[in-house]
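Residue numbers (the working numbering): 17 to 189. Let me begin by presenting the structure, written as structure tokens, before commenting on it.
Have a look at this one:
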């Protein structure tokens, strides 16, 4: 018999990771932390990461830098792992107020919380800005194409050198 947790639908939520070490990826083949994080979520069958925002967190007494990370997904995979993970994210009281954790490299883990500061407005503004830039590029390309068409039309309609057009007057002069 399926449990309530098994029947829960996976939601496409964003995550907040309150503490992510800048050097979490140091022992991996990835050159950036963002690549490493996206890889971890994909290979652990959690989902496909769309974007990762890293905000300044703090530096500990040893000089290690930590970020606050916001993970946005294209999609969450629908499987027992993600259903269990999301249940733990949404219901920490069921687990003694312990937040969900993702072990990215034993014994190291990230605490996973739901991103309640949904930056969808910011994404909307960024998307509009990106689309405006693309539209300006398309307009510029259209103008360049138009000018090249005019140039080509002028080039092909002018007589070749040495072949002068006869001048015929319609007034009989």
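Every residue, glycine too, gets a C-beta built ideally from N, C-alpha and C.
The residues 26, 28, 63, 98, in chain order, have a CB closer than 6 Å to that of residue 92 in the same chain once the five nearest residues on each side in sequence are set aside. Residue burial is scored here from C-beta neighbours: residue 160 has fewer than 16 other C-beta atoms within 10 angstroms and is therefore classed as exposed.
With 16 or more neighbouring CB atoms inside 10 Å of its own CB, residue 57 falls in the buried class.
Within the segment 76-139, the runs of alpha helix (DSSP H) at least 4 residues long that lie entirely inside it are, in chain order, 96-106. Going by C-alpha positions, residue 80 is about 12 Å away from residue 72. With fewer than three CB-CB distances shorter than 8 Å, the segment 148-160 does not count as touching the segment 81-88. Taking 8 Å as the cut-off, the Cβ atoms of residue 35 and residue 111 do not count as close. Distances from the CA of residue 68 to each of 55, 76, 61 were compared; the closest alpha carbon is that of 55.
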